[in-house]
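Each number in the numbering used here corresponds to the 1-based position in the sequence shown with 95 added.
We put the CB at the ideal spot given by N, CA and C, even for glycine.
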Amino acid sequence: MILVLFGPPGAGKGTQADALKDRLDLLHLSTGDILREEVSKESELGLMAKKFMEAGELVTDELIISMIKNKITTETSGKGFLLDGFPRTISQAHALDAMLKANSLKVDNVVSLEVQDSVLIERLLLRGRSDDNEETIKNRLDVYKNQTLPIKEYYKDLGILVEIKGDDSVEIVSENIFKAL
């Protein structure tokens, strides 16, 4: 199974991914974790990505796509996986489709976590990451709405989008995702 977990910053993608990967025996590929790892290693990719992340902007498609392609090629080895934070643009969605199709695979389901902005801002401020200040958070939500939301329509048209209310408790959201799959 290949699953995409989709939603704005603070929607609970990482939390739900942890629950789903164990329950469905999937490898969890988190763009955010991969980026933070590269930044902490101060790799060339990490230093480039850091500039975008600190401004609350999306890292360029080229950087993300090559990084994800490398992870899928080197770490999945036939096992199902869950993508968290990718794709975030239509171009990334098409690149993912092409990567998977080259290996006779496809995305099975896209779970979209739906959460109100006020809840997202509260969650992100409480999380306490260095890039989670109110101005950056609002910018990240605007970027999400303008650049990422069109992907919902793309996956909806493919008939694989599942929308889940993400304001509830972790357990309720997890159970609702599981029922929908």
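Check, Outcome
"Taking the continuous beta strand (DSSP E) assigned at ILE259, which residues delimit it?", "256-260"
"Can you grab the Cα-Cα spacing for the pair ASN241 / SER186, in whole Å?", "14 Å"
"Suppose contacts are defined by Cβ-Cβ distances below 7 Å. Is THR231 in contact with GLY151 by that definition?", "yes"
"So what's GLU152 in DSSP terms, helix, strand or just coil?", "coil"
"Within 10 angstroms of the Cβ of PHE273, are there 16 or more other Cβ atoms? Answer buried if so, exposed if not.", "exposed"
"Am I right that GLY223 and GLY102 are in contact with their C-beta atoms under 8 Å? What's the rounded C-beta distance?", "Not quite, the Cβ-Cβ distance comes to about 20 Å (not below 8 Å), so this is no contact."
"Mind reading off the beta-carbon distance from ALA106 to VAL210? Whole number of angstroms is fine, and I expect it under 8 Å.", "5 Å"
"What is the C-beta distance between MET96 and LEU121, in whole angstroms, given that I count them as a contact (C-beta under 8 Å)?", "7 Å"
"If LEU191 and VAL202 are in contact, beta carbons under 8 Å, what's the gap, nearest whole angstrom?", "7 Å"
"Is it buried or exposed for LYS116, if we count other Cβ within 10 angstroms and need 16 for buried?", "buried"
"Sort out for me which residues DSSP pairs HIS189 with in a bridge.", "According to DSSP, which records beta bridges pairwise, HIS189 is partnered with nothing at all."
"Kindly indicate which residue of ARG118, ASP179, LEU276 and LEU119 has the alpha-carbon position closest to the one of ILE129.", "ASP179"
"How about ILE159 and LEU208: are their beta carbons less than 7 Å apart?", "no"
"Do you know whose CA, among PRO245, ARG235 and ALA197, lies nearest ASP212's CA?", "ARG235"
"Which residues bound the alpha helix (DSSP H) around SER135?", "126-136"
"Could you tell me if ILE267 is buried or exposed, where buried requires 16 or more neighbouring beta carbons within 10 angstroms of its beta carbon?", "exposed"
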